[in-house]
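Under UniProt numbering, the first residue of the sequence shown carries the number 1, and numbering increases by one thereafter. Here a beta-carbon is modelled for each residue, glycine too, at the ideal position from N, C-alpha and C. Data block below; observations after.
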Amino acid sequence: MQAIKDKLNDMSAMRKAKNEAKAEEKAEKELAKARMDIAHEVRMAKEAEAEMELHVNKAGQRAQREMAKHAARLSAENEPMAHAPGGPNTGGDGQPSSYGS
Numbered sequence: 001m002q003a004i005k006d007k008l009n010d011m012s013a014m015r016k017a018k019n020e021a022k023a024e025e026k027a028e029k030e031l032a033k034a035r036m037d038i039a040h041e042v043r044m045a046k047e048a049e050a051e052m053e054l055h056v057n058k059a060g061q062r063a064q065r066e067m068a069k070h071a072a073r074l075s076a077e078n079e080p081m082a083h084a085p086g087g088p089n090t091g092g093d094g095q096p097s098s099y100g101s
């Protein structure tokens, strides 16, 4: 009778140890999955950050080109015309004022 009780106790202890091992393994798997998910999210965030930086750089380059175009256009408009009729010392018809007088 004692041998049967011992065997039942041993089986119960084995079942308990097996369940504990399964629970521990499950917790470890969940932790590993969480770590992989975190690593994936970090990678995605780094990629998004790099893509954002690329877009910011492109926008900066485009802004510089537009500013350079605008500055060139303004400087061309503000330059005095050297060969325009009616300039200094002319009578308004493009001829020097002392010419023909």
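- The UniProt region "Disordered" (1 to 29) is shown to contain no whole alpha helix (DSSP H) run of 4 or more residues.
- Within the same chain, no Cβ atom closer than 6 Å to the Cβ of Ile-4 is found once the five residues on either side in sequence are excluded.
- If you draw a straight line from the Cα of Ala-72 to the Cα of Arg-65, it is about 11 Å long.
- DSSP, read as helix, strand or coil, puts Glu-47 in helix.
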